[in-house]
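Under our numbering, think of the first position of the sequence shown as -5, with each following residue one higher.
Note sheet for the following structure.
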Amino acid sequence: MIKVENLDKYFNKFKALDKVNLRVKRGSIYGLVGPNGAGKTTLIKHLTGIYKQDRGSIEILGEPVYENVNIKSKIGYIPDDLYFFPQYKIKDMAAYYRSIYPKWNDERYKKLNEVFKIDENRKINKLSKGMQKQVSFWLALSCMPEVLILDEPIDGLDPLMRRKVWNLVVEDVAERETTVLVSSHNLKELENICDYVGIMHKGEMLIESNLDDLKSDVHKIQVAYREDFPINLDKELEILHKEKRGSVYLLIVKGEKERIISSFNRYKPVILDILPLSLEEIFIYELGGAGYEISNIIF
Ligand SMILES: Nc1ncnc2c1ncn2[C@@H]1O[C@H](COP(=O)(O)OP(=O)(O)OP(=O)(O)O)[C@@H](O)[C@H]1O
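Below, the structure written as structure tokens:
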């Protein structure tokens, strides 16, 4: 559905995207994460046909996006820096969208007014930042997009509205098989809705994976032994992080869960707990492996 291959982008001599690959399946939700300046917005601007790549290819629904009006009309896009025409009321902007998006749906527009309870006669530039974000969702979803591309979409929304918006997105995916790519720094919320995750760093795609696979490959372990920590375990296991808190060791270990448990059990621990890793912890650990300074961050 969305396919990016070996995408390079330069801003003058600065390489903002370096051989980026990305695949998003139809009807799935893909979370794009990465530290500030990683290249998420630059990548998104290629997916929406705003930027032209220097190298590589970008296809949506099997076609290149750049200067492709047909494909662009099937994409709903919420940028991080919203733009509305000055002086436009919501209903004017709706009329504009109606004129350029062939699948615009008036019934849906009216229905969504029950969620986004804002008078359509209000001037958009006079609304608060969060209300403008609501309007952008209202309009984007009324276009009945096949692909929804969201750049920091919940920024500025209150907690209740964030939930409502995520519900709408998930409903859209379930009912219409909409394909969603969303960039966000809110990893807790992404974790609840994403099927796939791509972690970017310094213009590269560090990891692209199914969220469940990503989570089942790394484990957080609390373990205590009567004696010292068995040194053999340091060799047997792929230990990514180890610290001592009182008599308990806290470790991040990569590998198959059953094998890890049996290794720890061989040395008869007095405490052994395996805890799931959150997306936030995976993000921090993976970036640490890529040279991002994480020494002041405690797992
Ligand atoms: N138009 C531009 N001209 C020059 N450099 C740019 C331009 N747009 C982005 N960059 C640079 O490209 C890099 C990636 O920026 P980008 O906005 O894609 O990051 P991001 O991952 O979206 O960051 P954030 O999480 O802070 O929004 C940054 O170093 C940025 O300074």
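Where a beta carbon is used, it is the ideal one built from N, C-alpha and C, also for glycine.
Original post:
Sorry if obvious, but does the Cβ on THR42 come closer than 6 Å to a heavy atom of ligand 1?
Top reply: no
Original post:
Using DSSP with H/G/I as helix, E/B as strand and the rest coil, what is ASN15?
Top reply: strand
**OP:** Could you tell me the distance, in whole angstroms, from the CA atom of GLY56 to the CA atom of ASN62?
**Re:** Answer to the nearest angstrom: the Cα atoms are 12 Å apart.
**OP:** Please confirm if the region 188 to 204 is in contact with the region 43 to 57, defined as three or more CB-CB distances below 8 Å between the two stretches.
**Re:** no
Subject >> Sheet register partners of HIS213 (DSSP bridge) >> reply: According to the DSSP secondary-structure assignment, HIS213 is paired through a beta bridge with VAL247.
Original post:
Skipping 5 residues on each side, what residues in its chain have a beta carbon closer than 6 Å to that of GLU85?
Top reply: Before going further, note that residue 85 is Lys rather than Glu in the sequence given. Correct list, in chain order: GLU114.
Original post:
Is the beta carbon of ILE215 less than 7 Å from the beta carbon of LEU234?
Top reply: no
**OP:** Run the CB neighbour count on GLU80, radius 10 Å, all protein chains shown included, and call it buried at 16 or more, exposed below.
**Re:** Reading off the sequence, residue 80 comes out as Pro, not Glu. Exposed, by the Cβ-count rule.
Original post:
So, is GLU275 buried or exposed, given that buried needs 16 or more other C-beta atoms within 10 angstroms?
Top reply: buried
Subject >> Rounded Cβ spacing between SER177 and GLU146 (contact assumed at less than 8 Å) >> reply: 6 Å
**OP:** Drop a sphere of 10 angstroms on the beta-carbon of ALA168, count the other beta-carbons inside from all chains shown, and report buried for 16 or more, exposed for fewer.
**Re:** exposed
Subject >> Distance cut 5 Å, beta-carbon to ligand 1 heavy atom: residue list by chain order >> reply: Proximity annotation: ligand 1 has residues PHE5, ALA10, ASN30, GLY31, ALA32, GLY33, LYS34, THR35, THR36 in chain order, each selected because its CB is closer than 5 Å to a heavy atom of the ligand.
**OP:** Please report how far the alpha carbon of ARG92 lies from the alpha carbon of LEU154, in whole angstroms.
**Re:** 28 Å
Original post:
Exposed or buried, GLU280, counting other C-beta atoms within 10 Å across all chains shown (16 or more means buried)?
Top reply: Flag for GLU280 reads buried.
Subject >> Among ILE143, LYS182, ASN186, nearest to ASN161 - alpha-carbon criterion >> reply: ASN186
Original post:
Going by alpha carbons, who is nearest to SER241 out of GLY33, PRO263, ILE255?
Top reply: PRO263
**OP:** Name the residue from ILE(-4), LEU135, LEU184 whose alpha carbon lies nearest to the alpha carbon of PRO58.
**Re:** ILE(-4)
Subject >> Span of the alpha helix (DSSP H) around HIS179 >> reply: Premise fails: HIS179 is in no alpha helix (DSSP H) and is neither H nor E.
Subject >> Cutoff 7 Å: ARG49 Cβ touching any chain B Cβ >> reply: Among the chains in the structure shown there is no chain B, since it carries only a single protein chain.
Subject >> Unbroken beta strand (DSSP E) run spanning ARG296, endpoints >> reply: Outside the displayed span of the chain (-5 to 293) sits residue 296, for which this structure offers no information.
Original post:
By DSSP, does THR173 sit in helix, in strand, or in coil?
Top reply: strand
**OP:** For ASN194, collect the residues of the same chain with a Cβ closer than 8 Å to its Cβ; drop the 5 residues on either side in sequence, then sort them by chain order.
**Re:** In the sequence on display, residue 194 carries Met and not Asn. Close CB contacts of MET194 within its chain, under the 8 Å cut and outside five residues either way in sequence, are with VAL14, LEU26, VAL27, GLY28, ALA32, GLY33, LYS34, LEU37, LEU200 (chain order).
**OP:** Could you tell me which residues DSSP pairs with ASN204 in its beta bridges?
**Re:** Secondary-structure assignment with DSSP links ASN204 through a beta bridge to TYR190.
Original post:
How is PHE131 classed by DSSP in three states: helix, strand or coil?
Top reply: PHE131 carries a helical assignment under DSSP once its states are collapsed to helix, strand and coil.
**OP:** List the endpoints of the continuous beta strand (DSSP E) containing VAL294.
**Re:** What is shown of the chain runs -5 to 293, which leaves residue 294 out entirely.
Original post:
Under the three-state reduction of DSSP, which class applies to ILE278: helix, strand or coil?
Top reply: In the structure shown, ILE278 sits in a helix (DSSP, three-state: H, G or I).
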